[in-house]
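Participant: Residue numbers (the numbering used here): 531 to 1097. All C-beta atoms in this analysis are idealised placements derived from N, C-alpha and C, irrespective of residue type, glycine included.
1) Please report the distance separating the alpha-carbon of residue 794 from that of residue 822.
2) Name the residue from 928, 882 and 851 whose alpha carbon lies nearest to the alpha carbon of residue 863.
3) Just the Cα atoms here: how many angstroms apart are residue 551 and residue 724?
4) Spatial neighbours of residue 700 within its chain, please: CB distance less than 6 Å, with the 5 preceding and 5 following residues excluded, ordered by chain position.
5) Would you say residue 612 and residue 649 are within 9 Å of each other, going by their C-beta atoms?
6) Nearest CA to the CA of residue 1022: which residue from 866, 762, 590 and 953?
7) Do you know how far the Cα of residue 641 is from the Cα of residue 684?
8) Run through DSSP, which three-state label would residue 634 get?
9) For the region 777-823, list the alpha helix (DSSP H) runs that are entirely contained and at least 4 residues long, ordered along the chain.
10) Does the distance from the C-beta atom of residue 638 to that of residue 579 stay below 9 Å?
11) What's the call for residue 663, buried or exposed, on a 16-neighbour Cβ count within 10 Å?
12) Could you give the distance in angstroms between the alpha-carbon of residue 542 and the alpha-carbon of residue 710?
13) Residue ranges of each alpha helix (DSSP H) run of no fewer than 4 residues wholly in the region 715-770, ordered along the chain?
14) What number of angstroms, rounded off, separates the C-alpha of residue 895 from the C-alpha of residue 933?
15) Please list the terminal residues of the continuous alpha helix (DSSP H) segment that includes residue 596.
16) Measure the C-alpha to C-alpha separation of residue 849 and residue 843 and round it to an integer number of angstroms.
17) Quick one: which unbroken beta strand (DSSP E) runs of 3-plus residues sit fully inside the region 834-913? Chain order, please.
18) Would you mind sorting residue 738 into buried or exposed? The rule is 16 or more other CB atoms within 10 Å of its CB.
19) Helix, strand or coil: which one does DSSP assign to residue 665?
20) Report yes or no: do the region 969-978 and the region 779-792 share at least 3 C-beta pairs separated by less than 8 Å?
21) Under 9 Å between the Cβ atoms of residue 810 and residue 1009?
22) How about residue 1020 and residue 767: do their beta carbons lie closer than 9 Å?
23) Report the residue from 935, 877, 930 and 938 whose alpha carbon sits nearest the alpha carbon of residue 910.
24) Indicate whether the contact test is met: 3 or more Cβ pairs, each with one atom in the region 984-997 and one in the region 796-807, closer than 8 Å.
25) Throw me the rounded Cβ distance for the residue 645 and residue 689 pair, which I believe falls under 8 Å.
26) Quick check: the Cα distance between residue 594 and residue 554, rounded to an integer number of angstroms?
27) Keeping to the same chain, check which residues put their C-beta closer than 8 Å to that of residue 964; ignore five residues upstream and five downstream.
28) How many angstroms separate the CA atom of residue 547 from the CA atom of residue 726?
29) Using the beta-carbon count (16 or more within 10 Å), is residue 856 buried or exposed?
30) Going by beta carbon distance, what residues of the same chain come within less than 8 Å of residue 868, once the five residues before and after it are set aside?
31) Do residue 799 and residue 992 have their beta-carbon atoms positioned less than 9 Å apart in this structure?
32) So is residue 962 buried or exposed if we call it buried at 16+ other beta carbons inside 10 Å?
33) Go through the region 649-706 residue by residue and report every complete run of the alpha helix (DSSP H) that reaches 4 residues or more, in order.
34) Hey, out of 581, 887, 893 and 957, whose CA is closest to residue 904's CA?
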């Protein structure tokens, strides 16, 4: 409760009183409702049971009275009227029994069921009496009524009277319960009211004591706060003056820093432009190197084509040599045929010689034949000479052809071998050129990527410098705002001093309200003594120092600058 506020404590006292009153009211309502339920049960349920029991008894008595008319008045009209009355009463009794079953419980219900059973026996007996009376057997009917009928009547009357007594007993018991509830409610109301009043007064006393103690503590705290506020207002005034001086120095430093950052931004922009140009030149070099690589690849393909052509030429020369060899073979065949001709010429000469011999032997008869043989010999001689010349020419042709074939094959093989060597050498050189150009393309790609990264970095640096410039401008505005704030703080210090005086007036009023005028005078003297003991803090302006950067100078805050103090 010590940490509770004034409103909480007042609400606690009021809440307790309201709770006590509510509890008393709730209990009174509960007891009244209880008594009301008992009275309603007596007036509605129990009285209804009593009325129905009494009605049942009266109608049963009426049935017995009507039954006697069977033997007293034997006229036809009276007999019929008595019968109709009994039947009507029978329906009413059955209806009452049915209603009683819905409201009665326990022993009362058992009594009703017993009566129903006896009544059913009596009604059967009544039917017999009716029959005897209708047959003019009056004496027998009277005996039946007086003997068995009386027994059933007494049993039924005893049951109904017992049921009526039970209902009356229930009514008396519930009336006693209502009286008991009323007495309990009255006692509880008196006791709870007294307890509520006593506890309410006790809690109010405790709260007032705690409140008085809290008010004394508040007065002491307010007095101390007044002294602290007075001291704080003087310190704020001194700090405001110091903050104004520091803000002026900071503003000058920010202007110089902003100029340096502007120059840096210009240099970063130039670097970005150079990086973009270098990137473009690297891209151009990459394109030229790629074209050179394509040309070298084309040259390698052309050299490979020349090599394939030389191979085809070698194949064609080999094929031509094979054809020439076939021609040589044909010439050889011709030489063989010429040899056969030489053999024929030799045989012809031999035949001509034999013919000349035979012609000489024949004498005159063989002269003509001798002339023919001579001419044949001449022709054979001419043919032999021609055959020899042809053989000689064929031998020379074969020799020349073989020599040409050998020389041609040797020269072509030499030329093709040298061509292959040159082609292989050119292919290797072209391949080396292609590898070098490919490496150049790769290096140029790396250079392009690096220049692009440099350009992006320069752009980011330029953007960062712009952001720093903006931040410096904002910081300059903040510095100006700080200067204005320091002026406002000085004004606030004056206002705080005025509020301190107002607080002192409030404390004096509170002291008078709680303790009286004498205590107020004593408290005022104590406050005056405390105010006189407060010393105004010394104001020490922060001394900055100068630092040169690139031929320019700017001031930095001193170590005792209030901007480095913890807030």
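Facilitator: In brief:
1) Roughly 42 Å separates the two Cα atoms.
2) For residue 863, the nearest C-alpha among the options comes from 928.
3) Whole-angstrom Cα-Cα distance: 11 Å.
4) Contacts found: 576.
5) At least 9 Å separates the beta-carbon of residue 612 from that of residue 649.
6) The shortest Cα separation from residue 1022 among 866, 762, 590 and 953 belongs to 762.
7) Straight-line Cα distance between these residues: approximately 14 Å.
8) Coil at residue 634, not helix or strand.
9) Annotation note: the region 777-823 contains no uninterrupted alpha helix (DSSP H) run of length 4 or greater.
10) The Cβ atoms of residue 638 and residue 579 sit closer than 9 Å to each other.
11) When all chains shown are included, residue 663 counts as buried.
12) The straight-line gap separating the alpha-carbon atoms of residue 542 and residue 710 is approximately 35 Å.
13) The alpha helix (DSSP H) runs lying completely inside the region 715-770 and spanning 4 residues or more number zero.
14) C-alpha separation (whole angstroms): 58 Å.
15) Per DSSP, the unbroken alpha helix (DSSP H) holding residue 596 starts and ends at 577-597.
16) Looking at the two C-alpha atoms, the distance is approximately 10 Å.
17) Runs found: none.
18) Label assigned to residue 738: exposed.
19) The DSSP-derived three-state label of residue 665 is coil.
20) By the Cβ criterion, the region 969-978 is not in contact with the region 779-792, since fewer than three pairs of Cβ atoms, one from each stretch, lie closer than 8 Å.
21) For residue 810 and residue 1009, no; Cβs fall outside 9 Å.
22) Yes, Cβ-Cβ distance for residue 1020 and residue 767 is below 9 Å.
23) The closest CA to that of residue 910, considering only 935, 877, 930 and 938, is found on 877.
24) Touching, yes, given that three or more Cβ pairs across the two stretches are closer than 8 Å.
25) Right, their Cβ atoms sit about 5 Å apart.
26) If I take the Cα positions, the gap works out to 58 Å.
27) Scanning its chain for C-beta atoms nearer than 8 Å, with the 5 sequence neighbours on each side dropped, one finds around residue 964 the residues 823, 826, 827 and 830, in chain order.
28) The alpha-carbon atoms of residue 547 and residue 726 are separated by roughly 7 Å.
29) Result: exposed.
30) Once the five neighbours on either side are set aside, the close Cβ partners of residue 868 are 917, 920, 921 and 924.
31) Less than 9 Å divides the Cβ of residue 992 from the Cβ of residue 799.
32) Looking at its Cβ environment, which holds fewer than 16 other Cβ atoms inside 10 Å, residue 962 is exposed.
33) Listed in chain order, the alpha helix (DSSP H) runs fully inside the region 649-706 are 668-674, counting runs of at least 4 residues.
34) Considering only alpha carbons, the answer is 887.
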